[in-house]
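A quick write-up on the structure given underneath.
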Amino acid sequence: MLDVQLTNAGFYEIAGSGSSVAGVTLIRPGRRESVRVFLPHNSPEVEVYTGSVRNGRLVYQGSAENAALLTLLANRNN
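If you read the sequence shown in the working numbering, its first letter stands for residue 4, the second for the next number, and so on.
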């Protein structure tokens, strides 16, 4: 369900080396930086990174139920 919400907010799934076994990674590119979200399989937690795809910095790790986080991701102008 979360992946559908992120897709509606402009994110798309990217393929990574072996990441499909552990979970799904979605990205939304921006002018200055990208936002990348990793959704582990069978876990209620997410990891959110900003910056480049390879050298992103972790900005959030925790419950996916945090609706305020999803609002920030959907409306971010970068």
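By construction, the Cβ of each residue, glycine as well, lies at the ideal position given by its N, Cα and C atoms. These numbers come from a predicted model, not from an experiment.
| message | Based on DSSP bridge pairs, tell me the residues matched to Gly13. | response | Beta-bridge partners assigned by DSSP to Gly13: none are found.
| Could you give the uninterrupted runs of the beta strand (DSSP E) lying entirely in the region 13–68, keeping only those of 3 residues or more? | Complete beta strand (DSSP E) runs here, min 3: 15–17, 26–31, 37–43, 48–54 and 60–66.
| Exposed or buried, Val39, counting other C-beta atoms within 10 Å across all chains shown (16 or more means buried)? | It should be noted that the sequence gives Arg, not Val, for residue 39. With 16 or more other Cβ atoms from the protein chains shown falling within 10 Å of its own Cβ, Arg39 counts as buried.
| Cβ distance (whole Å) where Leu42 is taken to contact Val49 below 8 Å | By a beta-carbon distance limit of 8 Å, Leu42 contacts Val49. Their separation comes to about 6 Å.
| field | Among Arg35, Ile30 and Gly59, nearest to Val7 - alpha-carbon criterion | value | Of the candidates Arg35, Ile30 and Gly59, the one whose C-alpha sits nearest the C-alpha of Val7 is Ile30.
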